[in-house]
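Novice: Quick note: the sequence shown, position 168, residue 149 per my numbering, numbers continuous.
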Amino acid sequence: MRETRAGTVVSVILSLLSMATLSVCFARRVQNVRNWGRLPLVCWLILIIYADSIIFVSGTAVLSQGYGVDSSQSICSTALLLCLSCYMTTKVFIYYFLVERVYIVRRSSNSRLKNKLYLFNSFGMLIPYLVVIALNFYFRFADYEQGSCRIGMKRESMIPLIAFDILVNVYLTSLFLIPLRSLYSYKTNRSSQTRTVALRTFVGSCCTLTSSVVNLTVVMVLKGEPGWICLMCCNIDILFSVLVLHWITSKDNASTHASPSPNFQPSSDLTSPIRLVPRPPISDMEAYHMDLRDLSRKPGVTTMVTAKDYDDLELERINTLPPNVVTVETEHTREVSELRPDTEGSGSDLGLQRVNVIGSKEELFGREKC
């Protein structure tokens, strides 16, 4: 079936809408980056997914609207190769993105190459997936008859692709959600950022998986599709996946701890005397979530957790942050007061020692906003 006039109009509108949406998503990510050298790998993967999707949308727009998918056999074959290449690479980057999320949320002390779960997810799952993708390239077909282009993949490669797509998506999403559900903030605070990330990840994974399975199943059942319809369906699938990815990751960098009060008055003197009045003790669970797990209790030692003072330069830096960038951080200073006997007179002298500064930011993907 040749492309109709209505199909051409829909294809043009879809291409323009996809390019505009992807460009906005890409620009929003780039403008939030303040230090490219500190940008985590998972943020680079998001940018690569956006760039790959933009290449696919622009390439298919040129082929379908510039040359015409039904113009010749060579254009028909090129459209199939472009569709397979960009569509499959986007899926691979999305799955590798899920692998990185699993590695980060589990907070392993080992490096990636020494982490058995990371190695299994990277090589034990993604390499077989690459083999399945190679089968789709081998069993592809682009038939050009009577001025009409029909493209698709044979059933021998489509069934393994759909099955592996479901398996990898469910497996990696489960590995990501299980540790989140065990966090203290997830169990005690229904409005916490941890719950938001978990819910968005679950909903997003279900939506993208359903979209991909439906698209691939239709191609398999119909034994191929007209070239212009296939390109539009892949375009819609990729656009939907990117929008869901953007929605899922928009909350990943938010801190789960409270920010300083708006009425907080910073001290202009960084050398002000240290507070001698002990604060109420914190519980073991609170200490765990404030990264004070290594704090050991010793006789004669009092531990206090106080908010860090901000100077004028720090406040000026916060006020000059770019618009639409939200960074919530809570830093704590651990002060240890030790009771030392006075050897020269009666009584005792209270000596204080500032130990270190501890950031209590509970985050998933590093300090750099992406």
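Here a beta-carbon is modelled for each residue, glycine too, at the ideal position from N, C-alpha and C.
Since the structure is predicted, the reported quantities are computational estimates derived from the model, not experimental observations.
(1) Going by other Cβ atoms of all chains shown within 10 Å of its Cβ, with 16 needed for buried, is W209 buried or exposed?
(2) Return helix, strand or coil for L251, following the three-state DSSP convention.
(3) At 4 residues or longer, what runs of the alpha helix (DSSP H) sit wholly inside the stretch 72 to 137?
(4) Suppose only complete runs of 4+ residues qualify. What are the alpha helix (DSSP H) ranges in the stretch -17 to 30, listed by chain order?
(5) Kindly confirm or deny that the stretch 196 to 209 and the stretch 69 to 85 touch, where touching means at least three C-beta pairs closer than 8 Å.
(6) Measuring only the C-alpha atoms, how far is C57 from Y125?
(7) Just grab the DSSP bridge partners of P141 for me.
(8) When the Cα atoms are used, what is the spatial distance from Q54 to V(-7)?
(9) Do the CB positions of S129 and R(-17) come within less than 7 Å of each other?
(10) Exposed or buried, what is K72 when buried is set at 16 or more other beta-carbons lying within 10 Å of its beta-carbon?
(11) If we ignore side chains and look at the alpha-carbon of each, how far apart do I35 and A60 end up?
(12) Alpha helix (DSSP H) containing D218: first to last residue?
(13) So, L142 versus N102, is the Cβ gap smaller than 7 Å?
(14) What did DSSP end up calling T149 once you bin it into helix, strand or coil?
(15) Pick out whichever of I114, I27, T41, V(-10) has its Cα sitting closest to the Cα of C6.
(16) Out of curiosity, what's the CA-to-CA distance linking V199 and A8?
(17) For a quick check, are the C-beta atoms of L62 and G40 less than 7 Å apart?
(18) If I measure Cβ to Cβ from A356 and keep anything under 6 Å in the same chain, skipping five residues before and after, which residues do I get?
(19) Given a cut-off of 7 Å on the beta-carbon distance, is the pair T356 and V225 in contact?
(20) Considering only the beta carbon of each residue, do A179 and L197 sit closer than 7 Å?
(21) Assess contact between the stretch 210 to 222 and the stretch 143 to 154, defined as three or more Cβ pairs (one per stretch) separated by less than 8 Å. Is contact present?
(22) Could you tell me whether the Cβ atoms of L20 and V14 are closer together than 7 Å?
(23) My output table needs one value for S52: the three-state DSSP class, helix, strand or coil.
(24) Leaving aside the five residues before and after L111 along the sequence, list all residues of the same chain whose C-beta is less than 8 Å from its C-beta, in chain order.
(25) S231: which of L(-5), L(-2), R10 sits nearest, CA to CA?
(26) Between Y68 and C187, which are expected to be in contact by the criterion C-beta below 8 Å, what is the C-beta distance as a whole number of angstroms?
(27) Mapping the DSSP letters down to three states, classify G205 as helix, strand or coil.
(28) Drop a sphere of 10 angstroms on the beta-carbon of I159, count the other beta-carbons inside from all chains shown, and report buried for 16 or more, exposed for fewer.
(29) Q127: which of A32, I30, D51, Y31 sits nearest, CA to CA?
(30) Please report the straight-line C-alpha distance between S193 and N150, rounded to a whole angstrom.
Specialist: In brief:
(1) Position 228 of the sequence shown holds residue 209. Under this definition W209 is a buried residue.
(2) Along the sequence shown, one-based indexing puts residue 251 at 270. Reliability of the predicted coordinates at L251 is poor, the pLDDT of 42 falling under 50, and no value is obtained from them.
(3) Secondary structure remark: continuous alpha helix (DSSP H) runs of at least 4 residues inside the stretch 72 to 137, in chain order: 97 to 100, 107 to 119.
(4) -14 to 12
(5) Here the stretch 196 to 209 makes no contact with the stretch 69 to 85; the two share fewer than three CB pairs at distances below 8 Å.
(6) The count along the sequence shown starts at 1 and reaches residue 57 at position 76. The count along the sequence shown starts at 1 and reaches residue 125 at position 144. Answer to the nearest angstrom: the Cα atoms are 7 Å apart.
(7) On the sequence shown, residue 141 is found 160 positions in, with the first residue counted as 1. According to DSSP, which records beta bridges pairwise, P141 is partnered with nothing at all.
(8) Along the sequence shown, one-based indexing puts residue 54 at 73. Along the sequence shown, one-based indexing puts residue -7 at 12. Going by the C-alpha atoms only, they are around 22 Å apart.
(9) By 1-based counting over the sequence shown, the position of residue 129 is 148. By 1-based counting over the sequence shown, the position of residue -17 is 2. Cβ distance < 7 Å, so S129 and R(-17) count as in contact.
(10) Numbered from 1 along the sequence shown, position 91 holds the residue referred to as residue 72. So K72 ends up on the buried side.
(11) For the purposes of this step, residue 35 is taken as the residue at position 54 of the sequence shown. For the purposes of this step, residue 60 is taken as the residue at position 79 of the sequence shown. Going from the Cα of I35 to the Cα of A60 covers about 16 Å.
(12) On the sequence shown, position 237 is the one that residue 218 refers to. Unbroken alpha helix (DSSP H) run through D218: 208 to 230.
(13) Within the sequence shown, the letter at position 161 stands for residue 142. Within the sequence shown, the letter at position 121 stands for residue 102. Their beta carbons are not under 7 Å apart, which means L142 does not touch N102 by this criterion.
(14) Translated into the one-based positions of the sequence shown, residue 149 becomes position 168. In the sequence under discussion, the amino acid at residue 149 is Val, which differs from the Thr named in the question. In this structure, V149 counts as helix in the three-state DSSP scheme.
(15) Indexing the sequence shown from 1 puts residue 6 at position 25. Among I114, I27, T41, V(-10), the Cα nearest to that of C6 belongs to I27.
(16) The sequence position of residue 199 within the sequence shown is 218, counting from 1. The sequence position of residue 8 within the sequence shown is 27, counting from 1. Answer to the nearest angstrom: the Cα atoms are 34 Å apart.
(17) Here residue 62 corresponds to residue number 81 of the sequence shown, with the count starting at 1. Here residue 40 corresponds to residue number 59 of the sequence shown, with the count starting at 1. Not in contact: L62 and G40 (Cβ atoms no closer than 7 Å).
(18) Lying before the first or after the last residue shown, residue 356 is absent from the chain, which here runs from -18 to 351.
(19) The chain is shown only over -18 to 351; residue 356 falls outside these bounds and no answer can be derived.
(20) Counting from 1 along the sequence shown, the entry for residue 179 is found at position 198. Counting from 1 along the sequence shown, the entry for residue 197 is found at position 216. For A179 and L197, no; Cβs fall outside 7 Å.
(21) no
(22) Looking up residue 20 in the sequence shown gives position 39. Looking up residue 14 in the sequence shown gives position 33. Yes. Within cutoff.
(23) Counting from one through the sequence shown, the residue named residue 52 turns up at place 71. Coil at S52, not helix or strand.
(24) Counting from 1 along the sequence shown, the entry for residue 111 is found at position 130. So the list reads V73, once near-sequence residues are dropped.
(25) Within the sequence shown, the letter at position 250 stands for residue 231. Minimum Cα distance to S231 is reached at R10.
(26) Taking the first residue of the sequence shown as position 1, residue 68 is located at position 87. Taking the first residue of the sequence shown as position 1, residue 187 is located at position 206. About 20 Å separates the two Cβ atoms, so there is no contact after all.
(27) Residue 205 sits at position 224 when you count from the first residue of the sequence shown. Three-state result, G205: coil.
(28) Indexing the sequence shown from 1 puts residue 159 at position 178. Classification for I159: exposed.
(29) Numbered from 1 along the sequence shown, position 146 holds the residue referred to as residue 127. Of A32, I30, D51, Y31, the residue nearest in Cα terms is D51.
(30) Locating residue 193 in the sequence shown gives position 212, counting from the first residue. Locating residue 150 in the sequence shown gives position 169, counting from the first residue. Approximately 11 Å, taken between the alpha carbons.
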